[in-house]
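In the numbering used here, the protein residues as written are 386 to 823. Positions of the beta carbon are idealized from the N, C-alpha and C atoms, including for glycine. Just so we're clear, the structure is a prediction, and the values are computed from it rather than from any experiment.
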Amino acid sequence: MQDYFFNLADVLQAELHTDEKLLLSFSGEDSDFIRFNHARVRQAGSVARRSLALDLIAAERHAEARVQLAGSLEQDLPLLRHLLGELRAQRAYLPADPYLNFATDGVSGETRVESSLPVRADALDAIVGAAGALDLVGIYAAGAVYAGFASSLGQRNWHACGSFNVDWSCYHATDKAVKCDYAGLSWDPGELQTRMQRAEEELAILSQSPRTIEPGQYRVYLAPRALQEVLGMMSWGGFGLKSRRTGQSPLNRMQVDGLRLDPVIDLSERHDRGLEPPFTPEGFAKPECVELIEKGALGDSLVDARSAREYGEPVNAASAWPASLDMAPGSLAVGDVLDALDTGLYINNLWYLNYADRNQARITGMTRFACFWVKDGKLQAPVNVMRFDDSIYRMLGVNLLGLTRERELLLDPGTYGGRSNQSVRLPGALIDGLRFTL
């Protein structure tokens with residue numbers, strides 16, 4: 386794919402007019418997919434996807450397009466030549482773009498992330514074998530994901546990474562289920578078995594009569610999956626330069642009023658994790674790390690190409706939304722979580738989150754799947770669905786009791802338009818006094 390993409394770029398570059406520049410951003414994958422229902426294979430197949438974004442530039446005017454490719458120069462070049470002509474015609478009617486920004490002195494490079502992925506048949510046998518008699522539904526996706534950049538200024542960049550993601554639920558009855566996942570770069574059937582056994586243990590508790598908890602404040606443990614949902618809301622405008630400069634960030638009070646989170650909170654964008662490409666679609670190199678929150682205080686912003694041009698800052702990200710979020714660990718051992726929780730709620734998953742008051746960073750959402758009542762450090766019973774409503778400044782600030790020492794790498798299972806390369810690495814969080822409204 387790398388040779389194909391670079392050869393394609395060379396041919397298109399030779400057809401440009403003297404006043405034109407061309408940016409090409411390539412994405413692709415060679416992936417296996419298996420869908421399961423009742424712990425049996427219902428659909429299996431593979432996808433070879435090649436997608437190309439073109440940006441034709443002359444002075445401050447530019448026209449963009451994206452096209453799906455066959456992966457063959459003979460088949461794809463006639464289509465791309467025609468598309469180049471259409472972009473040239475469209476550009477004449479477009480206004481100048483004051484925030485157009487692309488690398489003019491970028492450095493070419495190549496990165497290949499090592500991975501150890503199973504043969505599809507072996508993965509299938511491992512999942513079905515580990516599930517046994519469980520009522521499992523889910524999807525397995527694995528393979529190589531590619532990204533490339535080429536410009537008519539001579540820059541060439543390539544990135545390739547292989548990963549796998551098993552995203553599944555084990556059902557007890559109706560809407561009672563345990564949500565699980567196993568993802569990474571190196572496949573380990575033993576780790577899959579361990580997670581499946583944990584799901585089976587939680588299902589046994591889920592089979593008990595559920596308990597309804599009265600509204601109020603409760604001590605809770607948010608497992609990494611649940612904490613990911615909270616940080617996802619923070620990321621919705623929380624770290625982008627433009628949202629901060631325009632006062633639209635939900636973390637605006639940290640910037641304006643000096644509010645802080647707990648000093649244990651260190652949050653960063655780790656471009657060096659290797660799952661996403663180390664360059665932006667405009668050809669800018671990403672730094673290895675961007676410190677978003679340091680010791681509870683607001684840190685640097687994520688600056689994409691357009692915001693960089695608008696506000697005169699250097700580019701440090703492909704977008705204003707984190708793609709490789711990383712939270713530093715705490716000191717609480719996972720094995721001690723139930724004892725530390727003592728009496729309260731053990732929350733594996735949250736969903737339907739939204740802002741109740743964006744200016745105050747107050748969010749609301751629902752518990753989901755396996756949420757348990759804990760008493761005296763013991764799991765007692767499942768809890769019926771509850772709604773929480775609380776601020777980030779309380780959850781990760783004054784009411785935060787601690788973070789776990791162990792962290793979990795969670796890969797985005799999204800496949801809409803292509804397999805996602807986004808990820809987070811998070812601890813669990815022990816919180817005192819989370820507010821539940823119903």
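Reduced DSSP category for residue i - H, G, I as helix; E, B as strand; rest coil
i           : result
residue 598 : coil
residue 615 : helix
residue 725 : helix
residue 453 : strand
residue 477 : coil
residue 704 : coil
residue 782 : helix
residue 642 : coil
residue 814 : strand
residue 512 : helix
residue 395 : helix
residue 447 : strand
residue 484 : coil
residue 420 : strand
residue 333 : Any answer about residue 333 is impossible in this case: the structure gives the chain only from 386 up to 823.
Those residues which DSSP pairs with residue i across a bridge
i           : result
residue 748 : 740, 775
residue 809 : 710, 795
residue 676 : 653
residue 530 : 414, 546
residue 670 : 664
residue 494 : 542
residue 768 : 596
Assigned exposure category for residue i - 16 Cβ within 10 Å defines buried
i           : result
residue 736 : exposed
residue 603 : buried
residue 587 : buried
residue 671 : buried
residue 428 : exposed
residue 647 : buried
residue 776 : buried
residue 563 : buried
residue 497 : exposed
residue 717 : buried
residue 778 : buried
residue 402 : exposed
Cβ distance (whole Å) where residue i is taken to contact residue j below 8 Å
i           : j           : result
residue 509 : residue 426 : 6 Å
residue 786 : residue 816 : 6 Å
residue 667 : residue 487 : 4 Å
residue 440 : residue 462 : Between residue 462 and residue 440 the Cβ distance is about 18 Å, and since that is not below 8 Å, they are no contact.
residue 569 : residue 537 : Incorrect: roughly 38 Å between the Cβ atoms, too far for contact.
residue 838 : residue 818 : The first residue shown for the chain is 386 and the last is 823, placing residue 838 beyond what the model contains.
residue 726 : residue 606 : 5 Å
residue 762 : residue 723 : 5 Å
How do the region 756-776 and the region 631-644 stand: do at least 3 beta-carbon pairs fall below 8 Å, yes or no?
no
Using 8 Å as the Cβ pair cut-off and three pairs as the minimum, do the region 784-795 and the region 687-700 touch?
no
Using a Cβ distance threshold of 8 Å, determine whether the region 692-712 contacts the region 571-582, with at least three qualifying pairs required.
no
Using 8 Å as the Cβ pair cut-off and three pairs as the minimum, do the region 611-625 and the region 802-814 touch?
Note that the region 611-625 touches the region 802-814; at least 3 beta-carbon pairs, one per stretch, sit closer than 8 Å.
Any contact between the region 712-727 and the region 635-652? By contact I mean 3 or more CB pairs, one from each, below 8 Å.
yes
Report yes or no: do three or more beta-carbon pairs, one from the region 500-520 and one from the region 674-683, lie closer than 8 Å?
no
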